[in-house]
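Student:
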Amino acid sequence: MGKKFHQWKQLWWRRPLRNILRTRCGDGGNGRQGKAASKAFIEALVTKTTSEDEGFMLSAEVDFVFVSIDIEGGMDQWGIKEFGVAKLDTRDVVVNMASTSADLIHGHNYALAKGHRRAFVFGDTTRVDSSHLAATIKDVCHIPDRKGLYGNETERRIVLVGHAIHNELMTMEAHGVKLDDIPAVVGILDTSDLGQGGSLESLLTSLGLPLPRNRQGKADSLHCAGNDAHYTLRALLAMLYI
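full-length UniProt numbering applies: residue 1 is where the sequence shown begins, and numbers increase by one.
(1) Of the residues Ser68, Gly208, Ala113, which one's Cα is nearest the Cα of Asp129?
(2) How big is the Cα-Cα spacing for Tyr231 and Ser68?
(3) Let's see if you can read the secondary structure: which residues bound the beta strand (DSSP E) around Ala111?
(4) Which stretch, first to last residue, makes up the beta strand (DSSP E) that contains Arg91?
(5) What would DSSP say about Ile80, mapped onto helix, strand or coil?
(6) Since I believe Leu203 is in contact with Thr191 (beta carbons under 8 Å), could you give me their beta-carbon distance rounded to a whole number of angstroms?
(7) Using a Cβ distance threshold of 8 Å, determine whether the segment 117-136 contacts the segment 151-169, with at least three qualifying pairs required.
(8) Which residues does DSSP list as the beta-bridge partners of Asp190?
(9) Is it the case that the Cβ atoms of Ala119 and Ile105 are separated by a distance below 9 Å?
(10) Please name the residue in His223, Val140, Asp193 whose C-alpha comes closest to that of residue 243.
(11) Just curious, the alpha helix (DSSP H) that Ser68 is in, first and last residue?
(12) DSSP three-state call for Ala36: helix, strand or coil?
(13) Can you list, in chain order, the residues of its chain with a C-beta nearer than 7 Å to that of Gly176? Leave out the 5 residues immediately preceding and following it.
(14) By Cβ distance, which residues of its chain are closer than 8 Å to Thr205, with the 5 residues on each side in sequence left out?
(15) Kindly indicate the opening and closing residues of the beta strand (DSSP E) around Arg127.
(16) By DSSP, does Lys138 sit in helix, in strand, or in coil?
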């Protein structure tokens with residue numbers, strides 16, 4: 001693991017690559033596309049709420065799935081502990097306008113270390129071997145379009161979400177998964193960027209989102225990858241007023 005950790009540090013601190021990923025997640029490239037897609041989706045929701053057309057459908061532009069990801073651990077001697085994902089389908093939001101968007105989030109937690117301590121409270125946890133992490137990430141980001149609403153497309157488009165998501169992208173790249181390997185990704189949203197920095201906990205608190213705390217006042221459900229992916233998506237929805 002020491003050799004891998006050294007390689008990962010070299011990869012991360014290679015300034016051009018690090019800056020490219022941060023730019024892609026910010027106002028340039030994929031980040032700009034993610035913000036544009038979200039803005040168009042909100043406008044579509046406004047149209048839906050004011051329209052009397054019972055057959056209202058999302059246009060292809062705003063028909064996508066928010067996929068929030070979080071990775072706990074790193075390329076150090078302890079390795080990756082967990083990979084978490086939370087998804088929200090824009091189709092579900094339109095069909096279930098009376099429901100709270102948070103109720104439409106579906107998530108999963110993947111544990112790579114035997115000693116993961118924090119419970120995943122929004123779904124199930126599956127144990128996977130670290131050698132299968134890359135395949136798991138690619139599988140999570142492949143969402144078949146079973147309805148085939150828009151031409152011959154067989155895969156749903158994705159807007160990838162994360163808190164300081166460049167860290168996840170760097171870890172993914174260190175495991176052989178580049179963003180370009182996931183063609184379904186049409187944009188990226190970074191809640192750290194949208195929230196102007198700070199931790200996920202501080203962002204949730206500033207947005208007034210409920211966060212369970214123990215007797216010592218600590219938010220001990222954080223730092224479980226599945227929980228963090230869910231909370232990150234909740235934070236995004238709050239900032240988008242969905």
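Beta carbons: idealized from backbone N, C-alpha and C, even for Gly.
Tutor: The answer reads as follows:
(1) Counted from its first residue, the sequence shown places residue 129 at position 129. Nearest option by C-alpha distance: Ala113.
(2) Reading the sequence shown from its first residue, position 231 is the one you call residue 231. Reading the sequence shown from its first residue, position 68 is the one you call residue 68. Each residue's Cα considered, the two are about 9 Å apart.
(3) By one-based count along the sequence shown, residue 111 stands at place 111. Residues 106-111.
(4) If you number the sequence shown from 1, residue 91 lands on position 91. From DSSP, Arg91 is part of no beta strand (DSSP E) but of the alpha helix (DSSP H) over 90-95.
(5) Indexing the sequence shown from 1 puts residue 80 at position 80. DSSP places Ile80 in strand when its eight states are reduced to three.
(6) Translated into positions along the sequence shown, residue 191 becomes position 191. Translated into positions along the sequence shown, residue 203 becomes position 203. About 6 Å separates the two Cβ atoms, so the contact holds.
(7) no
(8) Here residue 190 refers to the residue found at position 190 when the sequence shown is read from its first residue. According to DSSP, Asp190 bridges with Gly162.
(9) To locate residue 119, count along the sequence shown from 1; it is residue 119. To locate residue 105, count along the sequence shown from 1; it is residue 105. No, they are not a contact pair.
(10) There is simply no residue 243 to check, as the chain begins at 1 and stops at 242 in what is shown.
(11) Position 68 of the sequence shown, counting from 1, holds the residue named residue 68. Counting along the chain, Ser68 falls outside any alpha helix (DSSP H), though it belongs to the beta strand (DSSP E) covering 65-73.
(12) Walking along the sequence shown from the start, residue 36 turns up at place 36. Helix.
(13) In the sequence shown, counting from the first residue as 1, residue 176 sits at position 176. These residues qualify, in order along the chain: Ala134.
(14) Counting from 1 along the sequence shown, the entry for residue 205 is found at position 205. If we look at Thr205 and ignore the five residues flanking it on each side, its Cβ neighbours are Leu211.
(15) To locate residue 127, count along the sequence shown from 1; it is residue 127. Where Arg127 is concerned, the enclosing beta strand (DSSP E) stretches over 125-127.
(16) Working through the sequence shown from its first residue, we reach residue 138 at position 138. Lys138 falls in the helix class under three-state DSSP.
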